[in-house]
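Participant: A single structure is presented below for examination.
Residue numbers (the working numbering), protein chains in the order written: chain A, 1 to 214; chain B, 1001 to 1164.
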């Protein structure tokens, strides 16, 4: 149904008398504090990656005479450090969100946060196709003291990782436009196919266009 | 002091409860979602109330700003930045919750717009001045006037298309 703006205003005035009253009971009890939950999750992630960065740092330093252990430890160290930095950036963006700001300002903050999250998800998610190899090397050596490294295994695993990486990107693009029932799978496909990022960028463009004086 | 503050907040909220109800009706989908959004708005208003300074502006202006920001943020988490499709509108309209057809149709009509345009329409329907709309949205008064003219023309065009 379509209404003219004047008709809408007339209907709105009539609605005034009947509008639902705010329910005072259990204020906030059933509210999903999503942003607060996100913030807590980011803090936990930063803490976990902090421990991993310290562990990986001491691992490659302790094994600095064995090249493949240094490379594996360094890879994990660099990844963990990147995860901490990106997590901190997201926390900073979350902290800047102010519901008292003008609508355009807050909408822009939320869209920028969504863009940052989409970029971070890609940057931190995709390397796992390769990162599991150094992770295995560091993990097994650290837990058992046994260096099980084998060059043939490592290179073939990295090769499989590259195929998996390219394949997952191709699959995500293929399924991007198709309906998917699982919300988690939908998020993963949107992230890998670049849809989340494109959507965030589109939202920012829409907000800029809205705010632009014409 | 806290009791005074609570009582003052409760009073102001009760006085302007209609704003929260109408914003929730315009941004939420279905009864449960609407209740969640109303509660979320009330919670954020309560949290921000310490920062409200009546010398800097009317309570209603401050309330519109926070309530609309919460509603848009809520909508984003539901991942619906694109306008609703026909099925969504039917679903919204069929969830009556004691409201009449006219109110359902009005909300469905408003929900067909994108979140920022929806905020603009809501403020216009609430008879806010262009200056106040500009202040809440964070755009210029001239821009408010231009956008309202465009929205009016767009609605007229849709109406003409629907009737023909």
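Where is the CB? At the ideal position from N, CA and C, for every residue including glycine.
1. Mind pulling the chain A residues with CB within less than 7 Å of residue 1145/B?
2. Let me confirm a value: residue 5/A is counted as buried when at least 16 other C-beta atoms fall within 10 Å, else exposed. Which label applies?
3. For residue 1115/B, which option in 1013/B, 1028/B, 1009/B and 1127/B has the closest C-alpha, if you only look at C-alpha atoms?
4. Within the same chain, show all residues whose beta-carbon is closer than 8 Å to that of residue 88/A, passing over the 5 residues directly before and after it, in chain order.
5. Rounded to a whole number of angstroms, what is the C-alpha to C-alpha distance between residue 1126/B and residue 1023/B?
6. Using the three-state DSSP reduction, which class does residue 1085/B fall into: helix, strand or coil?
7. Using beta carbons (cut-off 8 Å, strictly below), is residue 107/A in contact with chain B?
8. Under 8 Å: do the stretch 148–162 of chain A and the stretch 178–193 of chain A share three or more Cβ pairs, one atom per stretch?
9. So for residue 179/A, helix, strand or coil by DSSP?
10. Would you kindly report the start and end of the unbroken alpha helix (DSSP H) that includes residue 134/A?
11. What did DSSP end up calling residue 1169/B once you bin it into helix, strand or coil?
12. Pick from 1155/B, 1146/B, 1142/B and 1064/B: whose alpha carbon is nearest that of residue 1019/B?
13. Assuming residue 207/A contacts residue 1136/B (C-beta within less than 8 Å), just tell me the rounded distance between them.
14. Please state whether the Cβ-Cβ distance between residue 120/A and residue 86/A is less than 8 Å.
15. For residue 1070/B, collect the residues of the same chain with a Cβ closer than 7 Å to its Cβ; drop the 5 residues on either side in sequence, then sort them by chain order.
16. Along chain A, which residues have their Cβ under 7 Å away from the Cβ of residue 1044/B?
17. Starting from the beta carbon of residue 211/A, find every residue of chain B whose beta carbon is closer than 8 Å, and list them in chain order.
18. Output the boundary residues of the alpha helix (DSSP H) element that contains residue 977/B.
19. Kindly indicate which three-state DSSP category residue 10/A falls into: helix, strand or coil?
20. Using DSSP with H/G/I as helix, E/B as strand and the rest coil, what is residue 213/A?
21. Check whether the Cβ atoms of residue 80/A and residue 53/A sit closer than 8 Å, and answer yes or no.
22. Run through chain B and tell me which residues come within less than 8 Å of residue 3/A, C-beta to C-beta.
23. Taking the alpha-carbon positions, what's the residue 7/A to residue 1054/B distance?
24. Applying the criterion that 16 or more other CB atoms from any shown protein chain within 10 Å of the CB defines a buried residue, is residue 1143/B buried or exposed?
25. By how many angstroms is the C-alpha of residue 82/A removed from the C-alpha of residue 130/A?
Facilitator: For this structure:
1. Per Cβ cutoff of 7 Å: no residues; residue 1145/B is ~10 Å from chain A at best.
2. buried
3. 1028/B
4. 46
5. 11 Å
6. Low confidence applies to residue 1085/B: its pLDDT is 44, below 50, so where it sits in the model is not reliable enough to give any reading.
7. yes
8. no
9. coil
10. 128–144
11. Limits of chain B in this structure are 1001 at one end and 1164 at the other, which puts residue 1169/B out of reach.
12. 1064/B
13. Incorrect: roughly 15 Å between the Cβ atoms, too far for contact.
14. yes
15. 1040, 1041 and 1044
16. 99
17. 1138, 1139 and 1143
18. Residue 977/B is absent from the structure shown; chain B starts at 1001 and stops at 1164.
19. helix
20. coil
21. yes
22. 1105, 1106, 1109, 1155 and 1159
23. 34 Å
24. buried
25. 16 Å
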